[in-house]
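This report refers to the structure that appears directly beneath it.
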Amino acid sequence: MTNWPRRVTVIDVTPRDGLQDACGEISTLQKVQLIQELYAAGVPSVEVTSFVSPRWIPRLSDAEAVARGVAEYPGTIGLIPNFKGYQIALKSGVKAVTFVVSASQRHQQDNLRMSLERSLEELRQIHSANEGAGMQIRGAISCSFGSPYSEENITATQVARIARELVASGVSELGLADTVGVGTPQCVSEVIDEVRKALPQIPLVLHLHDRYGIALGNAVVALERGVTRFETALGGLGGCPYAPNAPGNLNTETFVFWMHRMGIQTGVHLPALASTREWLLNALNTSAEAGVAAGEDQPSRHEYDEDLASE
Ligand code: COA
Ligand code: ZN
């Protein structure tokens, strides 16, 4: 019999993943308001921004101002790609950082413009600078369940090896990300099992992007395996601008609704979340159920879309 968890932690990543490539305009003040409303709805932790190069992610170039605007909240997180990002995050008052690498060599290079080895050096530098500072350092592996590029095959063994390196270099929580929404329940369970075998103690977080609802199926197999921390975004916004055809995140409202229907607590008030979603989509001038990142209208180079088209 499945031992379903009684409670899960929703980490809302709308202000970071949801907005990093969003179509509409949103001001710094509106971003702060969004984060305040998420906390008011009972979300325990919010990825509030990313401290990355404004040249590569111009929409989050107000990262410091946003983070300072919400410095009093617990559970705030900022994504970082390097030591410079860590230094800015530390000054800005976020409680944790997510250090990101990719299981796809090509996505690692396109998104972070450095090798995995170089990333790990940055992480070690961050880890030693953080002694005494005490900010939580989380790790995240993009493309853990598949690459945006058909020539690349990501294996569970590879992901577990990267996970071990991240933990050895100082991360205390590990995110497995389905950056391009290609994971299936079978492969998600295989990767979770392999990572668990390598690192039985490390708390796991699942960061899912969604195609046609498969993210929920993936979330359910992760729940069955005892994963209790999930990253989601309002309205299914989100997507990586440096991964071709990345769809939006698993929708926070849908996930919370499912958890509550399954008798699993989140502490989140669904009606409050729904009205924040409406407010945000209005502010962005985007229709409801965005669900896909900008770029969906471009001709698909994605093998998975081609598979679907031929079915
Ligand atoms: N925060 C703010 N600015 C940063 C930065 C950071 N973490 N890291 C570098 N920069 C600045 C540099 O100071 C430099 O500024 P300048 O042009 O005014 O001199 C500029 O960005 C380029 O720096 P460089 O070290 O040459 O970086 P790069 O161009 O090789 O890019 C990254 C490397 C990692 C900074 C970049 O690829 C990046 O930000 N990637 C993140 C992408 C992302 O967020 N993807 C979605 C989430 S996974
Ligand atoms: Zn993402």
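My numbering puts the first residue of the sequence shown at 3, with every later residue one more than the last. Positions of the beta carbon are idealized from the N, C-alpha and C atoms, including for glycine.
beta-carbon residue i near ligand 1 non-hydrogen atom, thresh 7 Å
i	result
Cys242	yes
Gly134	no
Phe53	yes
Pro46	no
Lys33	no
Ser144	yes
Lys97	no
Per DSSP, cross-strand counterpart(s) of residue i
i	result
Ile139	Val99
Ala73	Per DSSP, none; premise fails for Ala73.
Ile13	Ser47 and Glu233
Ile194	According to DSSP, Ile194 bridges with nothing at all.
Ala179	His209
Leu81	Ser52 and Thr100
For residue i, the three-state DSSP class (helix, strand or coil)
i	result
Pro202	coil
Thr230	coil
His262	helix
Asn220	helix
Ile28	coil
Gln22	coil
Gln267	strand
Gln127	helix
Ser314	The first residue shown for the chain is 3 and the last is 313, placing residue 314 beyond what the model contains.
Asn287	coil
Asn132	helix
Pro249	strand
Ala292	Residue placement at Ala292 is flagged as unreliable, the pLDDT there being 47, under the threshold of 50; a coordinate-derived value is accordingly withheld.
Ala105	coil
Between the CA atoms of residue j and residue i - distance to the nearest angstrom
i	j	result
Leu310	Leu210	Interpretation of Leu310 is limited by its pLDDT of 44, a score under 50 that renders its predicted location unreliable; the figure taken from the coordinates is listed afterwards. The alpha-carbon atoms of Leu310 and Leu210 are separated by roughly 19 Å.
Arg166	Glu255	33 Å
Val68	Glu153	39 Å
Gln127	Val223	35 Å
Ile59	Tyr244	10 Å
Gly148	Cys189	9 Å
Gly240	Ala98	21 Å
Ile216	Ser277	25 Å
Lys199	Asp19	29 Å
Thr288	Leu236	12 Å
Ser174	Leu206	10 Å
Arg231	Arg57	31 Å
Tyr151	Val270	36 Å
Ile28	Gly71	15 Å
Asp14	Gly250	13 Å
beta-carbon residue i near ligand 2 non-hydrogen atom, thresh 7 Å
i	result
His129	no
Ala276	no
Val23	It is worth fixing the name first, because residue 23 is Asp in this sequence and not Val. Asp23 Cβ: outside cutoff for every heavy atom of ligand 2.
Thr234	no
Thr181	yes
is_contact[residue i, chain C] using C-beta, thresh 8 Å
i	result
Val223	No chain C appears in the structure shown, which is made up of a single protein chain.
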